[in-house]
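Reading through the structure tokens given below for one structure.
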Amino acid sequence: MKEHLNNKINNKRQEQLTNIVEYASVQSSERERAAELAERDVKDYYKAVYMLDKVGEEFDGIISSVTSFGMFIELDTTVEGLCRLANMGDDYYIYDDMTYTIIGERTKKTYRIGDPVRIRVENVNVDLREIDFRILYKIEDNNQETQVEDEE
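Quick note on numbering: the UniProt record's numbering labels position 143 of the sequence shown as 143, and the sequence is numbered without any gaps.
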């Protein structure tokens, strides 16, 4: 900066400084991404540890994401778990990628992002940072429950 202020910077030096700044910005961005990944991993670890003694307990949650293999459900505690479609025993569920919904082939039950549901914690794997939920029922707008029957 001092060189620039005193007009003692030539084109070669300007190019060197530009390269240094570009390299530093790339390094900074990479380190920031690595730190964010580490932070997310630590949070996921502690969420799994927190839920470890809650296997079998029931909670209310909101469907936060819908995929071809299941639904992610977020609890009030910000803990998020996965309800796998393969584990929903009351019907065969199909993912509709146009509407981001899960639809029961036989029952026509639908699940979409934002739906409130009652879940049970089925399994927690701390090493993999995975929390598995089972949907017990969908909480309807009029506080009625739509039961999901287990066929275990």
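Glycine residues also receive a C-beta, built at the ideal position from the N, C-alpha and C atoms.
Between the stretch 103 to 122 and the stretch 49 to 64, the count of Cβ pairs shorter than 8 angstroms is three or higher; the stretches touch. Shown here, Leu128 sits in coil according to DSSP, grouped into three states, outside any helix or strand. Around the beta-carbon of Lys47, 16 or more other beta-carbon atoms lie within 10 Å, marking it buried.
Val66 places its beta carbon 8 angstroms or farther from that of Val121. Remark: C-beta atoms of Leu52 and Val124 approach each other more closely than 8 angstroms.
Around the beta carbon of Gly89, fewer than 16 other beta carbons sit within 10 angstroms, so the residue counts as exposed. Closest in alpha carbon position to Ile135, among Val26, Arg31 and Ile102, is Ile102.
Beta-bridge partners of Glu80 (DSSP): Glu74. In this structure, Arg84 places its C-beta atom within 8 angstroms of the C-beta atom of Phe69.
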